[in-house]
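Here's the structure, in structure tokens; my notes come after.
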Amino acid sequence: GSNDDGGDGGGNGRGTDPHVTLRFSNFSFAEHGVGGVLWEAGTTLARYVYREAIAGRLGGADAGDGACLEFGCGNTAVVAHAAATAGMETVATDLPAVIRHARRNIRR
């Protein structure tokens, strides 16, 4: 299936577009356990990170400065994806079988 998560900030990483949509697929709880679930806490944190990053309140003084390290990112890597979309340097980690799907979702 496919899930949409709308962000609160700009699509170009600088806050000029009022809405960002991230689409994810390949959720499999049976195959990946909790790593196959897009959790509400993850989408909430992703919105916060994106909004604060484009406002320049995370990392350095300029929008897009800073870095994000997401441990246990799951199939979606939603927080790392939001941070990267806002221009932050980003690293996402998880088990090898899970991170393979996260890479595919981030490339979408």
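Position in the sequence shown (first residue = 1) + 3 = my numbering.
Note that CB positions come from ideal geometry on N, CA and C, so glycine has one too.
Could you pull the DSSP bridge partners for residue i from this structure?
i: A95; result: E73
Would you call residue i buried or exposed, if buried means 16 or more other Cβ atoms sit within 10 Å of its Cβ?
i: T106; result: Checking the sequence, you will find Arg at residue 106 rather than Thr. So R106 counts as exposed.
i: V37; result: exposed
i: G75; result: exposed
i: L98; result: exposed
i: A95; result: buried
i: A87; result: buried
i: L61; result: buried
Which of helix, strand or coil does DSSP assign to residue i?
i: A100; result: helix
i: A105; result: helix
Below 8 angstroms on the Cβ atoms is my guess for residue i versus residue j; work out the distance and round it to an integer in Å.
i: A89; j: Y53; result: 5 angstroms
i: A58; j: V82; result: Contact flag wrong, Cβ pair sits at about 17 angstroms.
i: M91; j: G77; result: Not a contact, Cβ separation roughly 19 angstroms.
i: C71; j: T47; result: Contact flag wrong, Cβ pair sits at about 15 angstroms.
i: N108; j: A80; result: 7 angstroms
Run through the segment 35-86 for me and flag every whole alpha helix (DSSP H) of 4 or more residues, listed as ranges in chain order. 43-57
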